[in-house]
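Input: a single structure, listed below in structure tokens.
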Amino acid sequence: MRTRPRRTAGPSRAEAAGAGRVDGARFRPGWRVAAARVRGESHARRAERGQDALCVRLRGGAIIVAAADGAGSAPRGGAGAALASRAVVREASAALGAQPSLSQAREEDLRRWAEAARAAVAAAAETCGLAPRDCAATLLIAVSDGATTLWAHVGDGAVVARDAGAWRALSWPAAGAHAGETHFLTDEPFDLRTGRLEGTVDALALLTDGIERLVLDFATETPHAPFFERMARPVAALPAPGRDAALSQALARYLGGAAVAARTDDDRTLVLAALAAP
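Note that the sequence shown ends on residue 278 in the UniProt record's numbering; no numbers are left out.
Here it is in structure tokens:
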């Protein structure tokens, strides 16, 4: 019988409410961001680096965010994750320009950006005398200006959004042929899923597989809305757009805390983005 995963609390109220606050500052429109990645205890025990990576960039009124998780079986999976996340954000940013209009962006653009990331990983692997699979990693990307949201995903992890006030999973973790397996950017061919949403999205979350079982309900294939609502609230309350260092540090402390570590020893990455609260 399936049981609903036990949930863990987020950062403390004091941490969440106070981080990034600037007394007397006027709120400005734009995406606020808190993002953190934490090395899992399984890697720490083996004195290994973490395998997760993330990259965030704001372009005009749009946000471009990527997260990736290096394959545990790949000797340079962490390097592949870092390179893929940076490359796909760079490609998207260059294509959209300084004042991006997502109304003209298409899912084919997402595939082109992902292909560019694949090529960057393959080129780096060749330079090091490796095969692309030695740098295998999953990849998630989301691009949004609040009115139009696009996403692409290969592998596990998830893209979650608050659309017209309701939390929904835009992209769900993909399993491989066997238990514990998934798909990677370097697969031939690679299983890239893409999507586009026209609607009012005012919050986004990207997460790697390390916290899937804590924040997603696999029985109903839905995100745990109270968790994401609680986590997004202090992000939306930040006075200025951009990635907030103090709130990101609070998020890292939460992901690395005992309550989360008791449920998972894998790397944990969570990117939270929200438009300013009224």
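For each residue, glycine too, the CB sits at the ideal point set by N, CA and C.
Anticipated Cβ contact below 8 Å, Arg59 with Pro241, distance rounded = Actually they are not in contact, since the Cβ atoms of Arg59 and Pro241 sit about 12 Å apart, beyond 8 Å.
What are the start and end residues of the alpha helix (DSSP H) that includes Leu83?
-> First-last of the alpha helix (DSSP H) with Leu83: 77 to 96.
Enclosing beta strand (DSSP E) for Thr148 [first to last residue] = Looking at the DSSP string, the run of the beta strand (DSSP E) that includes Thr148 is 148 to 154.
Using the DSSP secondary-structure output, state which residues sit across from Asp163 in a beta bridge.
-> For Asp163, which the question treats as bridged, DSSP gives the partners Ala166, Val201.
Rounded to whole angstroms, how far is the Cβ of Val201 from the Cβ of Asp163, which I believe are closer than 8 Å?
-> Correct: roughly 5 Å between the Cβ atoms.
Mark Thr127 as exposed unless 16 or more other C-beta atoms lie within 10 angstroms of its C-beta, in which case mark it buried.
-> Exposed: under 16 other Cβ atoms inside 10 Å.
Ala161 to Glu181, Cα distance in whole Å?
-> Those two C-alpha atoms are separated by around 25 Å.
Is it right to say Ala175 is buried, meaning 16 or more other beta carbons lie within 10 angstroms of its own, or is it exposed?
-> Residue burial is scored here from C-beta neighbours: Ala175 has fewer than 16 other C-beta atoms within 10 angstroms and is therefore classed as exposed.
Under the DSSP definition of a beta bridge, which residues are partnered with Val143?
-> For Val143, which the question treats as bridged, DSSP gives the partners Ile64, Leu150.
Helix, strand or coil for Trp172, going by three-state DSSP, please let me know.
-> In the three-state reduction of the DSSP assignment, Trp172 falls in the coil class.
From Arg57, Pro132, Val235, residue whose alpha carbon lies closest to that of Ala81 | For the residues Arg57, Pro132, Val235, the minimum Cα distance to Ala81 belongs to Pro132.
Is the beta carbon of Ser103 sitting closer than 7 Å to the one on Thr138?
-> It is not a contact, given that the beta carbons lie outside the stated cut-off.
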